[in-house]
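Shown next, in structure tokens, is the structure this report addresses.
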Amino acid sequence: MALAQVSRRDFLRQLGRWGSVVPASALVPGLGETLRLQRSPASSTIKKPGTSPEPAASFYFTDVAAQAGVGNATNVFGGVAHKRYLLEEIGCGIALFDYDNDGWLDLFLVNGTRFEGISPEHQPSNSLFRNNRDGSFTDVTEKAGLLRSGWGQGCCVGDYDNDGYDDLLVTYWGGIVLYHNNGDGTFTDVTQRAGLLQRGLTPRWNTGCCFVDYDRDGHLDLFVANYVNFDPKGVPQPGESQYCRYYGLSVGCGPQGLSGGTNILYHNRGDGTFEDVSERSGVAVPRGPTVPTVVGDQWIPAGSYGLGVCSADFDNDGWPDIYVACDSVPSRYYHNSQDGTFTEIGADAGCALNENGMPQGGMGVGVGDYDCDGWLDIVKTNYSDQTANLYHNNGDGTFYDAVFQSGLGTNTKYLGWGVGLFDFDNDGWADIFMSNGHVFPEVDTGRLHVTFKERKIVYKNLGAGRFVDVTASAGLAVTQPHSSRGTAFGDFDNDGDVDVAVINMNEPPSLLRNDCRSKNNWLKVKCIGTKSNRSAISARVRVVTGRHSQMNEVMSGSSYLSQNDLRLHFGLGPARHADLVEVRWPLGLVESFKSIDVNQLIVLQEGHGIIRTEKFGKR
Numbered sequence: 027m028a029l030a031q032v033s034r035r036d037f038l039r040q041l042g043r044w045g046s047v048v049p050a051s052a053l054v055p056g057l058g059e060t061l062r063l064q065r066s067p068a069s070s071t072i073k074k075p076g077t078s079p080e081p082a083a084s085f086y087f088t089d090v091a092a093q094a095g096v097g098n099a100t101n102v103f104g105g106v107a108h109k110r111y112l113l114e115e116i117g118c119g120i121a122l123f124d125y126d127n128d129g130w131l132d133l134f135l136v137n138g139t140r141f142e143g144i145s146p147e148h149q150p151s152n153s154l155f156r157n158n159r160d161g162s163f164t165d166v167t168e169k170a171g172l173l174r175s176g177w178g179q180g181c182c183v184g185d186y187d188n189d190g191y192d193d194l195l196v197t198y199w200g201g202i203v204l205y206h207n208n209g210d211g212t213f214t215d216v217t218q219r220a221g222l223l224q225r226g227l228t229p230r231w232n233t234g235c236c237f238v239d240y241d242r243d244g245h246l247d248l249f250v251a252n253y254v255n256f257d258p259k260g261v262p263q264p265g266e267s268q269y270c271r272y273y274g275l276s277v278g279c280g281p282q283g284l285s286g287g288t289n290i291l292y293h294n295r296g297d298g299t300f301e302d303v304s305e306r307s308g309v310a311v312p313r314g315p316t317v318p319t320v321v322g323d324q325w326i327p328a329g330s331y332g333l334g335v336c337s338a339d340f341d342n343d344g345w346p347d348i349y350v351a352c353d354s355v356p357s358r359y360y361h362n363s364q365d366g367t368f369t370e371i372g373a374d375a376g377c378a379l380n381e382n383g384m385p386q387g388g389m390g391v392g393v394g395d396y397d398c399d400g401w402l403d404i405v406k407t408n409y410s411d412q413t414a415n416l417y418h419n420n421g422d423g424t425f426y427d428a429v430f431q432s433g434l435g436t437n438t439k440y441l442g443w444g445v446g447l448f449d450f451d452n453d454g455w456a457d458i459f460m461s462n463g464h465v466f467p468e469v470d471t472g473r474l475h476v477t478f479k480e481r482k483i484v485y486k487n488l489g490a491g492r493f494v495d496v497t498a499s500a501g502l503a504v505t506q507p508h509s510s511r512g513t514a515f516g517d518f519d520n521d522g523d524v525d526v527a528v529i530n531m532n533e534p535p536s537l538l539r540n541d542c543r544s545k546n547n548w549l550k551v552k553c554i555g556t557k558s559n560r561s562a563i564s565a566r567v568r569v570v571t572g573r574h575s576q577m578n579e580v581m582s583g584s585s586y587l588s589q590n591d592l593r594l595h596f597g598l599g600p601a602r603h604a605d606l607v608e609v610r611w612p613l614g615l616v617e618s619f620k621s622i623d624v625n626q627l628i629v630l631q632e633g634h635g636i637i638r639t640e641k642f643g644k645r
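Take any residue in the sequence shown, note its place counting from 1, add 26, and you have its number in my numbering.
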């Protein structure tokens, strides 16, 4: 086929299939925007947000971490002023979930460690805080049986044994840990019993995860992304190669130059155990070489460099698909073939690369129907000097990166991590929240256009596919700089709006209470499966008010290595009732309910309708 006959979409598809072969010279900072080490100082000339008047947000975030009793849960993750290894840079996740079934979101924080300077008896641990239902939390980590140290990464939630209590998976560099929820406020480590103990000469670098019933047998399976095959003994020291320098600074090496990890899919046998079906299902099928290769002037990456993970039904066929944000290589979109296997179609579908056909430093991923057209879209955060991606779902099996048309393309200097599509002002349109922070503390020692600690970004959805940056009016809790990572979304104080919990590297967490000033109404929906998995992961709920229709799915994982509230939240604007609430359960049953009152939680049980309602609001 002649070059002139190749369409732009076909070109991008082929580029993705080739594994995005790029010139090795392009990896030198300042020579263009392609991969993680291509950082052009010219991007700093783009007009900075906040230099012209912004519309005021009708929501305002207040950091209540200290007064809520979680301010002492300081994150520990690698060196503070200097980081020698990639492992010290990417941070960890956070979860908002109701572990004791009292109707209030509790808070779980993953933690890390350091290579030196911490004695064995003072190793930091993950933390679980129980919600006291009055705006405060109590540390119950030890009582719950969740004390554990190590290089913690991500977390996700799902009731894998269908006993009515959500279980917890935590990923690590060096393994994964499955905690069974005993239903009495405690957890038991069942990793070995469940068949999830990882063995091998090189520790696996497990990152994002999600529970998902990919074969629709009523039992939650488990997907775990992997980042890099990493052994600190075999990694060059800062400054030793082109992959260990950033604008002249000596920094930790990678991920370029290191072998990428292989994603894992565990099938739930239904008896409390899992089996590794990664090869059989197709999620471990490599694209390109198995080790990084340089041929002439071409650098050919290997592996997936997987970080943020989500699972949702992107093509509306009733079967859950899987999306993985990948760092410096094409992101992965595993389409469910409905026979126990997946086909990776990210490049073909248009959600693996940016609009110029280049891979980016993918970190976090959020999912939602931002334009209310009935198809789930994807927002992905990326490395510094790159735009985010807003992959609009075209409804025909393909996506289009609408980052510039939507108004998200102006913020390029920030390095994004946690991200979510949630309606913060209850107007019926999903807004976007992004947490940011650089990976190299060393940037503060040079005169660069970036800093280690960065502000967060909030975009208000204006409808018609457009967003506007309202960060400046969204509160000091948003504009105060941190090097943030994992971010979870949910209504921790049950007042009818969506709050945010954030991990800040080597600092206490942020608990951002949404003090929504609008008078808009809302509806929350909690789904309980019977024939489907008990957590109702992949249940899809549609809410109609007048001519406005919204939908979302119950999801495990997503954002950056984090877990959001499993209850679905819908802003209704001025509507005084929901004309229709429709749920499509994971195994296919569809149920509908008409004329539902606003400003309440409704609990739906598969096959049994609305089994409970609860009114709550501003306190």
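Note that the Cβ used here is the ideal one computed from N, Cα and C, for glycine as well.
Buried or exposed (CB count within 10 angstroms, at least 16 for buried), residue i
i, result
"Asp-239", "buried"
"Thr-571", "buried"
"Lys-552", "buried"
"Pro-258", "exposed"
"Gln-218", "exposed"
"Ser-153", "buried"
"Lys-482", "buried"
"Phe-466", "buried"
"Gln-170", "Correcting the residue type first, residue 170 is Ala in the shown sequence and not Gln. It counts as buried."
"Phe-340", "buried"
"Ile-116", "buried"
"Asp-89", "buried"
"Glu-147", "exposed"
"Asp-343", "exposed"
"Gln-263", "exposed"
"Leu-630", "buried"
Residue i and residue j closer than 8 Å at C-beta
i, j, result
"Ile-120", "Leu-131", "no"
"His-595", "Lys-557", "no"
"Ser-307", "Thr-367", "yes"
"Tyr-86", "Arg-543", "yes"
"Phe-515", "Val-528", "no"
"Gly-329", "Gly-390", "no"
"Pro-281", "Ser-354", "yes"
"Asn-232", "Tyr-205", "no"
"Asn-546", "Leu-606", "no"
"Ser-585", "Gly-392", "yes"
"Asn-452", "Asp-523", "yes"
"Gly-400", "Met-577", "yes"
"Ala-500", "Ala-92", "no"
"Asn-289", "Gly-332", "yes"
Integer Cβ distance of residue i from residue j, believed to fall under 8 Å
i, j, result
"Gly-234", "Leu-592", "At roughly 17 Å, the Cβ-Cβ gap does not stay under 8 Å, so Gly-234 and Leu-592 are not in contact."
"Glu-533", "His-508", "6 Å"
"Gln-447", "Val-405", "Correcting the residue identity first, residue 447 is Leu in this sequence and not Gln. With a Cβ gap of about 6 Å, Leu-447 and Val-405 count as contacting."
"Leu-246", "Phe-256", "Not really, about 29 Å apart at Cβ, beyond 8 Å."
"Leu-112", "Gly-278", "5 Å"
"Asn-408", "Gly-423", "Going by Cβ atoms, the distance from Asn-408 to Gly-423 rounds to 24 Å, so no, they are not a contact pair."
"Glu-114", "Phe-123", "About 27 Å separates the two Cβ atoms, so there is no contact after all."
"Asn-437", "Asn-415", "That belief does not hold up - the Cβ atoms of Asn-437 and Asn-415 are roughly 13 Å apart, past 8 Å."
Contacting residues, own chain, Cβ-Cβ under 7 Å from residue i (five flanking each side not counted)
i, result
"Asn-530", "Asn-101, His-508, Ser-509, Ser-510, Ser-536"
"Gly-372", "Gly-42, Pro-356, Ser-357, Arg-358, Tyr-359, Ala-378"
"Phe-493", "Ser-432, Gly-433, Leu-434, Ile-458, Tyr-485, Lys-486, Asn-487"
"Asn-362", "Tyr-240, Trp-345, Pro-346, Asp-347, Phe-368"
"Leu-615", "Glu-632, Gly-633"
"His-603", "Ser-621, Ile-622, Asp-623, Val-624"
"His-464", "Ser-410, Leu-441, Val-476, Thr-477, Phe-478, Glu-480, Ser-509"
"Ala-220", "Leu-204, Gly-298, Thr-299, Phe-300"
"Ser-175", "Thr-139, Gln-149, Pro-150, Ser-151"
"Ser-267", "Cys-279, Gly-283"
Other residues of its chain near residue i: CB distance less than 6 Å, five sequence neighbours each side excluded
i, result
"Thr-639", "Gln-626, Ile-628"
"Gly-95", "Ser-162, Phe-163"
"Gly-201", "Gln-224"
"Asn-188", "Arg-560"
Closer than 7 Å: residue i CB and nearest the ligand COA heavy atom
i, result
"Asp-457", "The ligand COA is not part of the structure shown, which contains no ligands of any sort."
Sequence-distant residues of the same chain with beta carbon closer than 8 Å to residue i, five excluded per side
i, result
"Tyr-417", "Gly-376, Cys-377, Asp-403, Ile-404, Val-405, Lys-406, Phe-425, Tyr-426, Asp-427, Ala-428"
_Entirely enclosed alpha helix (DSSP H) segments - the region 395-447, minimum 4 residues_ = 429-432
*asked:* Restricting to runs no shorter than 3 residues, where is the beta strand (DSSP E) found entirely within the region 557-625?
replied: 566-571, 574-579, 594-599, 603-610, 616-623
*Kindly provide the ranges of any alpha helix (DSSP H) runs that are 4 or more residues long and lie completely inside the region 154-207, ordered along the chain.*
167-170
*Counting only runs that start and end within the region 515-563, where is the beta strand (DSSP E) found for 3 or more residues in a row?*
Counting only runs of 3 or more, we get 525-530, 536-540, 547-554.
*Every unbroken beta strand (DSSP E) inside the region 203-252 [3 residues or more]*: 213-215, 232-238, 247-252, all fully within the region 203-252.
*Note down, one range per segment and in chain order, each beta strand (DSSP E) of at least 3 residues found wholly within the region 71-134.*
Taken in chain order, the unbroken stretches of beta strand (DSSP E) that lie wholly in the region 71-134 and span 3 residues or more are 87-89, 120-123.
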